[in-house]
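J.: In the working numbering, the protein residues as written are 34 to 302. This is the structure I have questions about; it appears just below.
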Amino acid sequence: MTEVIRRVIDETRHECESDYRSWVFSKNGAAGCFILKEKYVDAANCYRDVLQTASKLEKKYGVLSDWSQRLHAITNLNWLIQCCSVPFADDPPASDCIKDTRPVVGVCPQTASASTSDVPDLPTWESLDPRVDRDLVAKAKLLRLDYLKLHSRLLSKAREKLDPLSGQVERLMTPPSASATEGWLDVIGDAMDQLALVDILDKIPIMLSASFQGRPSAYTQFKSTLLHVNSGSTLKSLLLVELKNVFDTRHSLREAMKPLDRTWTTFQV
């Protein structure tokens, strides 16, 4: 029963965060529409709603929004105040909140202290004005730093899982020949030619077809392919084509991994 309750709570939290992130995205979109209509005060109010709601929900319930959307709101709100003459919100200063150990815009305190310790010229979250439209430049820098550190840790975990697979792919992609023209295919082709010389290659299709008789339906695909194999040379061509496709797929995997390698390099300190 406890497990069921915990699962329901987790599902409810995930659903709440999903709906909340959709609301933040829509609110930022509405602010963009107000900017296009040159209604800068209304746009600023939308961004203030996003930041105030983010701080309140994270502090009371631990519900997080997308940090990139929050950074977008901070940056655009600062632009509206600095470049479009939008006045500051008439919020009273809360000196007691400045000493609060909770972050102003919903950044978890564990990452806040770690993020600022490496950059001595940046202030801490606790030293910033907690009002929604004050110290926006410093808040944006701190939030960006926390965002990068969080995703660096996630990328590190993904890299730990990927490295063993990368090593296996590297070993499998190593050709058995120094030839630059698919030497490993030549080696396999020569081996099959040797089988043909001893009259074994022509018997392999018959042996494989016979082995599939009475087997489960999972072998249907292989059985259908072998129906077109009526000689050893045909089998050789078929196997070489299939092996070439396998190695092409592995090569595509290595190419797809290159952006991740570059991203990982940028996160390394």
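All C-beta atoms, glycine included, are put in the ideal place defined by N, C-alpha and C.
(1) On the three-state DSSP scale, how would you describe E71?
(2) What's the gap between the Cα of K93 and the Cα of V119?
(3) Excluding the 5 residues preceding and the 5 following V37 in the sequence, name in chain order all residues of the same chain whose CB lies nearer than 7 Å to its CB.
(4) Would you please state the rounded distance, in angstroms, between the beta carbons of K60 and V83? I believe it to be under 8 Å.
(5) Rounded to a whole number of angstroms, what is the C-alpha to C-alpha distance between A171 and L110?
(6) Which of helix, strand or coil does DSSP assign to D82?
(7) Quick check on DSSP: helix, strand or coil for D166?
(8) Using alpha carbons as the reference points, say which of S266, S264, L183 and I107 lies closest to K174.
(9) For D294, which option in K269, G222, S199 and A229 has the closest C-alpha, if you only look at C-alpha atoms?
(10) Kindly indicate which three-state DSSP category V119 falls into: helix, strand or coil?
(11) So the candidates are E91, K182, D43 and R167; which of them puts its Cα closest to the Cα of A122?
(12) Return the residue from the list S266, W100 and K291 that minimises the CA-CA distance to L6.
(13) According to DSSP, is P249 part of a helix, a strand, or is it coil?
(14) Under 8 Å between the Cβ atoms of L104 and L176?
(15) Taking buried to mean at least 16 other C-beta atoms within 10 Å of its own C-beta, is L268 buried or exposed?
(16) By DSSP, does W297 sit in helix, in strand, or in coil?
T.: If we stick to the structure as given:
(1) In the three-state scheme derived from DSSP, where H, G and I count as helix and E and B as strand, E71 is classed as coil.
(2) Rounded to whole angstroms, K93 to V119 spans 30 Å at the Cα level.
(3) For V37, where only same-chain residues beyond five positions count, there are no Cβ hits under 7 Å.
(4) The C-beta distance from K60 to V83 rounds to 5 Å, short enough to fall under 8 Å.
(5) In a straight line, the C-alpha of A171 is about 13 Å away from that of L110.
(6) Under the three-state reduction of DSSP output, D82 falls in the helix class.
(7) In the displayed model, D166 falls within coil according to three-state DSSP, outside both helix and strand.
(8) It is I107 whose Cα lies nearest to the Cα of K174.
(9) When each option's Cα is compared against that of D294, the closest is S199.
(10) V119 falls in the coil class under three-state DSSP.
(11) Comparing Cα positions, the closest option is R167.
(12) Past the edges of the chain, shown from 34 to 302, lies residue 6, and the structure says nothing about it.
(13) Residue placement at P249 cannot be trusted, given a pLDDT of 48 that sits under 50; the coordinates are not used to answer.
(14) Yes, Cβ-Cβ distance for L104 and L176 is below 8 Å.
(15) Classification of L268: buried, given that the 10 Å Cβ count is 16 or more.
(16) In the three-state DSSP reduction, W297 falls in the helix class (H, G or I).
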